[in-house]
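Asks: Chains as they are written, first to last, in our numbering: chain A, 1 to 314; chain B, 315 to 535; chain C, 536 to 1026; chain D, 1027 to 1703.
All C-beta atoms in this analysis are idealised placements derived from N, C-alpha and C, irrespective of residue type, glycine included.
Being a predicted model, the structure only gives us computed values, none of them experimental.
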Amino acid sequence: MVSNIVLPILQIVVIIGLSPLVKGFINKIEARLQCRRGASLFQPYYNLIKLLRKDAVVSETASWIFTATPYVTFVSALIIALLVPVLSSQVPLNFTGDVILIIYSFALGRFFLALSSLDTGSAFGGMGGSREMTVSSMAEPAMMLSILTISLTAGSTNLSDITNTLLNNSILLMNPSLSLAFAALAIVIIAEAGRIPVDNPFTHLELTMIHEGMILEFSGRYLALIEWASSMKLLLLLTILVNTSLPWGIARGLTFSGLVISFGLYLAKIGFFAFLIAILESSFAKLRLFRVPNLLGTSFILAILAIISFYVVS
Amino acid sequence: MEQPIIVNSRVIDILAVLMLMSTIILVGTSRLKTCIWAYAFRSFLLTVASGLIAYFSGLHHIYITTGISLLLKVIFLPGLLFYIVNKTNIKKEIESFISYTLSLLLSCGIILIAYYATLSIIQFENTFMRHCLPVSFAITLIGFFAMITRKKAITQVLGLVAMEDGLFFAALSTSYGMPLIVELGLFFDVLVSVIIMGIYVYRIKESFDTIDTAFLSELRE
Amino acid sequence: MIIPLLLIIPIITAVACILTKGHAIPKYISIAGSFITLAYNIFLNYNIYTHHSLIGLNGFFYMDALSILTTQIVTLVGFASSLYSAGYMTVEFNAGEFTEKKLRWYYFLFHMFIFTMLMVCVINNLGIMWVAIEATTLSTTFLVGFYNKKQHQEAAWKYIIICTVGITLALFGVILTYHSSSSALGEIGYTLNWTNLLTVADKFEPHLIKLAFLFILIGYGTKAGLAPMHTWLPDAHSQAPSPISALFSGVLLNCSMYGIIRYHIITSKCVGADYSCTLLMVFGLISVIVSIPFILVQRDYKRLFAFSSIEHIGFIALGMGFGGMYSVYGAELHTFNHAVAKSLLFFCAGNLFLKYKTREMEGIRGVIKTTPITGVILIIAVLAITGTPPFNIFVSEFMVLADSFSSGNAFIIVFSSLLVVCIALIFVGFVYNVFKMIFGAPVQAIPTGEVSKFTIAAMCFLLFFVMIISFYVPPLLREILSNIYDIVRNA
Amino acid sequence: MTEQLFILSIILYLVGALFALCFFRWQMAGNYISFICATIASCFGIATAVTMLSNGSSIRFNFLIYHAIIKYDFLIDHLSSYFILAISVIGFIATIYSLGYTKLYVNKRDTRFLGFTYNLFLLSMLLVVTANNALVFMIVWELMTVVSFFLVIFEHENPACIKAGIVYIVMAHIGAALLAVAFFILTTYTGSFSFDDIRFVGANVPTIYKNIVFFLIIIGFGIKAGIFPLHLWLPMAHPAAPSNVSMVMSGVMIKTAIYGFIRFYFEFLPPCPPWWGFTVLVIGSISTLLGVMYALMEHDLKRLLAYHSVENIGIILIGIGLSMAFKSYNLITLSSFAMIAGLYHLINHAVFKCLLFGCAGNIYYATHIKNIEELGGLIKRLYITAPLFLVGALSISTIPPLNGFISEWLLFQSLLNGFNIPSVIIKVTTVICGAVVALSGALAATCFIKAFGISFLALPRSEHAQKAKEVPLTMLISTGVLAVMCIFMGLFPVKIMMTINHVNTHLLGTDIMGAITSYDWLQTRSIHTNFTELSPKSATVFGLILFGITFGVLTMIRPGFTKKIYETWTCGISPESRLEYTATAFTKPFRIIFSNLYRPRREINTIYSVPKYFVKSITYIGEITPIFENYFYTPISRYVLNISNRVRWVHTGSIHIYLAYIFVTLLISILVVIILD
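1. Going straight from the alpha carbon of N886 (chain C) to that of Q833 (chain C), what length do you get?
2. Measure from the C-beta of L384 (chain B) to each C-beta in chain C and report whether the shortest distance is under 9 Å.
3. Could you tell me if F1274 (chain D) is buried or exposed, where buried requires 16 or more neighbouring beta carbons within 10 angstroms of its beta carbon?
4. For E932 (chain C), collect the residues of the same chain with a Cβ closer than 6 Å to its Cβ; drop the 5 residues on either side in sequence, then sort them by chain order.
5. If you draw a straight line from the alpha carbon of T165 (chain A) to that of G121 (chain A), how long is it in whole angstroms?
6. I want to know whether the stretch 748-762 of chain C touches the stretch 1682-1700 of chain D - three or more CB-CB distances under 8 Å.
7. Can you list, in chain order, the stretches of the alpha helix (DSSP H) that have 4 or more residues and sit fully within the stretch 1338-1401 of chain D?
8. Around the Cβ of W1547 (chain D), are there at least 16 other Cβ atoms within 10 angstroms (buried) or fewer (exposed)?
9. DSSP has H1554 (chain D) in a bridge; who is on the other side?
10. DSSP on M1323 (chain D), reduced to helix/strand/coil?
11. Under 9 Å, Cβ to Cβ, is there at least one residue of chain D near P293 (chain A)?
12. In whole angstroms, give me the CA-to-CA distance for G1246 (chain D) and Y563 (chain C).
13. Cβ of L732 (chain C) within 9 Å of Cβ of S716 (chain C)?
14. If you measure beta-carbon to beta-carbon, which residues of the stretch 392-411 of chain B are closer than 7 Å to chain C?
15. Can H1334 (chain D) and A1470 (chain D) be called in contact, C-beta distance under 9 Å?
16. Any idea which residues DSSP pairs R36 (chain A) with across the strands?
17. Bridge partners for Y1592 (chain D) per DSSP, in chain order?
18. D1021 (chain C): which of C:L540, C:D599, C:I571 sits nearest, CA to CA?
19. By Cβ distance below 7 Å, which residues in the same chain neighbour Q1549 (chain D) in space, the five residues on each side in sequence not counted?
20. Below 8 Å on C-beta distance, what does S1423 (chain D) contact in chain A?
21. Kindly indicate which residue of A:Y104, A:R37, A:Y311 has the alpha-carbon position closest to the one of E192 (chain A).
22. Among C:H714, C:M624, C:L936, C:L673, whose alpha-carbon lies nearest the alpha-carbon of H869 (chain C)?
23. Please name the residue, chosen from B:I425, B:A528, B:L533, B:V515, that lies closest to H1682 (chain D) on a Cα-to-Cα basis.
24. Spatial neighbours of A1386 (chain D) within its chain, please: CB distance less than 7 Å, with the 5 preceding and 5 following residues excluded, ordered by chain position.
25. Name, please, each residue of chain A whose Cβ falls closer than 8 Å to the Cβ of S1705 (chain D).
26. Would you please verify whether the beta carbon of L746 (chain C) is less than 9 Å from any beta carbon of chain B?
27. Tell me the DSSP secondary structure of L1548 (chain D) in three-state form.
28. Relative to chain A, which residues along the stretch 1429-1440 of chain D have a C-beta separation below 9 Å, given in chain order?
29. What does DSSP give as the partner residue(s) for N1631 (chain D) in the beta ladder?
30. Can you have a look at C35 (chain A) and say buried or exposed, based on whether 16 or more other CB atoms are within 10 angstroms of its CB?
31. Just checking, does the stretch 1048-1060 of chain D make contact with the stretch 1073-1089 of chain D on the three C-beta pairs under 8 Å criterion?
32. Examine chain D for any beta-carbon lying closer than 9 Å to the beta-carbon of T488 (chain B), and answer yes or no.
33. I'd like to confirm the pairing. Which residues does DSSP put opposite R1086 (chain D) in its beta bridges?
34. Which one of D:I1234, D:F1045, D:S1349 has the shortest CA to CA distance from R1138 (chain D)?
35. Please state if the CB of L148 (chain A) and the CB of L1441 (chain D) are separated by a distance shorter than 9 Å.
36. Relative to the C-alpha of S410 (chain B), which candidate in B:T454, B:K466, B:L385 has its C-alpha closest?
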């Protein structure tokens, strides 16, 4: 019973708490790589808190969709936080859903976000929404294929079970199909999270912006919720990748020491991936929008190869 | 009854060949009136043949058909056709889609086909049948052929009566004519159909100012 | 005397029509006459039905189930058509299309036509049957050319020439049959009677009978509208007044088909069913296929319907050719169904012509608006004639096809599959051409309303039969159809 | 009891149909009576299905003897009942909807006719799924086609409607012809038309004929179902029909084809080779993908929805194809599971598509516009329709926790189970199907963001949209009921799965309910497979709790939160609808990415005023090339017409040629007969 109450709270706290930090960390590393000093590691927190304290300006054209969107996005991210193994391989809401529910919960947030982008009648919003949907649609098959490959290897679509299986039979991780699937998944995560080379999160140029275009009209509390949700999304995607591809060290039960060790390792693993992202972002330019399908196509091919190697080779 | 038929089949054969030749005139001449004369002549031959068969076979009802044939086919119908030709004041030429030489050649082919077609039947028959059936079939086909190749409406009527002559002859030569009541019906039909055709030849001439049926091609797809 | 009376009634009616004065009285005489014919025929047929067959006047007349069906169709459609004529011809007469005298002639010829067709069906002697079939041509030539304009004359000329030629060829078949019968019986006399022929058919010389059937099929086939001898049919059907077209399509073709079937039975008995069945199938399929392009691309709606008749006659021939229990049953049912549905369709065509004064489909739009009743009936008739369920023709087509498939013969299965494709294509042509006419906004300013009550009555009369057979075949009819199968099969 | 209910339902439909015709003067009254009859009749239909599915065994009954050999023979078994349920529920709701919607036609056209055909339409569908005889099936099947054809051309002054109707009836008829051939071939081996004999005849039929039947069925039913590339009629007919009819057509009529598929593959033809299942799987995925991709490019709301029907039929077919493949390898449990996925999606699609068409009807009723580019801002005007449409949109985009997601989830699970199949090709295909379904889900989401966003959000783009008012109550109630159903079927899927399982128990002979549902600590019944489990209800409950907490915390952080309303920033110009993003623009990236498929064509015409420096007007035409129409249907029809035109030359009009035909025929046939002798 304790596990059923403590673990969810713990996970939510960790995800909510850490997600701005990951953003800050990436920014910091990038600044360093660009020989700048950069803002504080905690700058995202300051931003969010400031935004949360402010009132909001809402377009007179906008409807209730606009108001509902931040909550929907944020809550869908929270739900996902309960479905992903973070510190313990045991997922709090194990019975509630699986990785497919996770993918589609992301879709729920995205759906509302894209709708709200059209709500204000601003052309920028529509442009952002259109591009966001393009990229995410293109990413969907690769994502699903790689997830399915992982699920087939592990014999489950439940992330908790996947983690457990991979943890117990680490030899499975040596499977070429899994490596290919993880590679595909990594590319998809970059796209889904809206990072360079797919989207540039730092810009407000109409030619390049995707996610920023959609949320252009949001302000105050709404903006905070959306920003926070998007950083949670990044962290959650990374967590999925981390805890399936590198499951070692994750707590199996619910002991305090296990959790502490797991937390430490988790930080390290996330930090490592965040670092990789930062390097990636510093070394690549953003792709033209119509080059993005090529990238995602690559990911799709990798995923297909993964599934073929799973069935044919092994 | 067998003996006289075999003996006299030669006479019937000669009549048959003459009828065939008078039919070939239909495709081989360019004069309309010659054709009508040929028709009258052929009908006459047919009547003679009919009379002979009636005499040889001793079937009395054939005399009746012979009589009607004489009246109708030798006298009335040619007369009617002459009347129509004069009344409608048409050109005496027969217009054909193909040349007369070719028509004649094709007629030869048709006669061969007629023989070939009836071959399987006549080999089982008596001698009397053996010549008359192919000839009568050939007359029918040549009549048909004339209807196809000749443009004028009146020549089509001539072709049709030639076909009918052929069939009468076939009936006579194969089985001593049809039952009397059927024969009467046939004569009635021939009479009425030629009269109706005559009326239409007249009407077509009135409306189209020609009886060239090649002009009758408004109803098409 | 019981059978000849059936023939006498139309003659009396015809004479009465020509003798009376005025334009209204012949109309009513005609309706009454055809109604009496119908009623008497039902009475007669019931008699025959209870006795299975009836021979009259020393074997001069003979009627069995096959004749029942055909006479029933003749009198039924005849009555509907005379009812329809009463409306149609009166409207035309009032429009000044022809004189009063001509109108009387019309009724005279109409009933003579009925008489000749009834004659075909009740006669025992195949020679006289030939005479009667030729007489149907002769009695209708003037009806085809009734309006006496150039096109009508052309159609009439083609009609009489082509049909006479065809029927003349059939005479050759009759002569050959006669010959073989007289050699088989060894006597000369009444041997052309169908009843006699049937008893000795197995003694006939097979080669002779094969050739004879070929001539009969091509000869009567010309009259029945089997391709490629059908060429007169679209012209005559489209040029004749609509009530006559209805009789042509619905009845006349069936009468010729009746002749073919009689010979088919004899031939089957003599040389086995395969020969004549194959011929029927081949000509049937050719007819169905030939009609397709003309139905797909067509301007004139009456021609469209005429080509559909070719298709259906082909289908009946096919059904007879398949020769199984249900296919013969289906083919005969199809004969009835086609007769009522096609006549209905031609009645609709007549109404359209009266309304729009054109036979071009291009100029007609929004029939459902301008003449709602005709429109609705036209829809039903089109659906029925194309074999759309649940209407009657679907049922008969389905039976024929199902039987052909169940024969298990790969050749026939291919045949039938081809047939199904053909039927679908014909449906396409019909729907495409006719529905464009029925729906849409009317192009010209055409006043709304039906032209005549008589026409509607006639249409409703036939519609009743279409609908009945769609859902229910009365036991009596069913019995008659199975009797026909027995007759065909008994060979 | 059940039998009486069903017969009552039939009678009521008939009564409704006839009543509609009786009222010459008061058309509206006749209309109302006929719709009310239909409502009650569908209630009886629901009752029939429910009693059947809860406890009944199959019921058979036949009406009057027919043609000595054939009876009007009907059988209600569990499969039929499931479809009766779908038809009656949708029929019920759509009929209530019609009560309001037909006001659109009052005094404009003959509404009696609508009531008449509508009743017959519902009736014919009921009969299709219960017919127990090949001939009866063909009759009612075609009756359904014909009646729906008349509904499609209801607005027959419009040439586009006529065209749509003709394309529809022609294609449907060709399909029916193929079906008839299939039946003929099967009856060859039974000697009877009754389904009782045809059932399980598959073992006796030689392989070659069975394969022929398979393809005939695929095409025959495929045309009705609207699979690619036989879908041509569907996006034409659905927009042409009145919306209440589109609801029924898209909601249930095309599903009768699925019913046919199931009957044939699981009852008539087994044992089936695995490649059949594979073929259906491939066909399903092609329909899914291409359906949604064409929907994406479509800006006519009803056409868009029609293309989505193609997509969803594809998804259903994936489920059924998978079930067939499993069955061929004798994996009955998995087969049943895949069937549950397929049939679940079937009823889901019926509900949400009906909802969406209803909402499209609402929009049309309020604005008389179908093109979404002319709409906009309706969320403030059609303030009830908007959330209803949103529910439908979310549902069709497979967003949790709505019903579309559940069936998609089930489908993914059964696709994953494809690894049990020995054949590598099918295994890989199942996973690729998963990717296709995922992609189509995402594209559907895009499409409905476009549809909802452009038509409901932002500023109105036309005067009609500006003046729109909320529609009559009946229409709102019926669409509202559908929306609630979408939510309930998403939250409580187990009941429906149990129903389908019940059907499967009879169809496949296996009961897998115990294996796929389980209880857990919240006493929430969840679905459970060998891969994982799912409890949509608890997920939703947690979502609501989390929302509460979030909201609470936010309020705590800033108690006096206010919203300032201000106009949208559009770079200094006052906001105008012309500045908004359009549907065309929204989908432009896809048009460029998939230009190989769409082959977009665009044309810009600039008209200058007299001095060539000033532009008077610019017209922009952008359209995609309908590939199948241009490269498949048009050439075929043109070819057929060309041939016909050439052949028509045969009738030259010359009597000589005509006579020559007879002459030649005579000679040829004589020669043939003699030679063959």
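Replies: In brief:
1. 19 Å
2. no
3. The residue asked about is misnamed: residue 1274 (chain D) is Val in this sequence, not Phe. It counts as buried.
4. G922
5. 49 Å
6. yes
7. 1358-1393
8. Its pLDDT being 48, under 50, W1547 (chain D) is placed unreliably in this model, and the coordinates cannot settle the point.
9. D:E1559
10. coil
11. yes
12. 52 Å
13. yes
14. none
15. yes
16. For R36 (chain A), which the question treats as bridged, DSSP gives no partner whatsoever.
17. A:S59
18. C:D599
19. For Q1549 (chain D), the predicted structure reports a pLDDT of 48, less than 50, and the residue's modelled location is therefore unreliable. A value from the coordinates is still provided. Nothing listed; no residue qualifies.
20. A107, F111
21. A:Y104
22. C:L936
23. B:A528
24. S1269, L1327, K1328, L1331
25. Because chain D in this structure spans residues 1027 to 1703, residue 1705 (chain D) falls outside the shown range and cannot be described.
26. yes
27. Confidence at L1548 (chain D) is low in this model, with a pLDDT of 46, below 50, so the placement of that residue is unreliable and no value is reported for it.
28. F1431, E1434, W1435, F1438, Q1439
29. D:T1645
30. exposed
31. no
32. no
33. D:L1101
34. D:F1045
35. yes
36. B:K466
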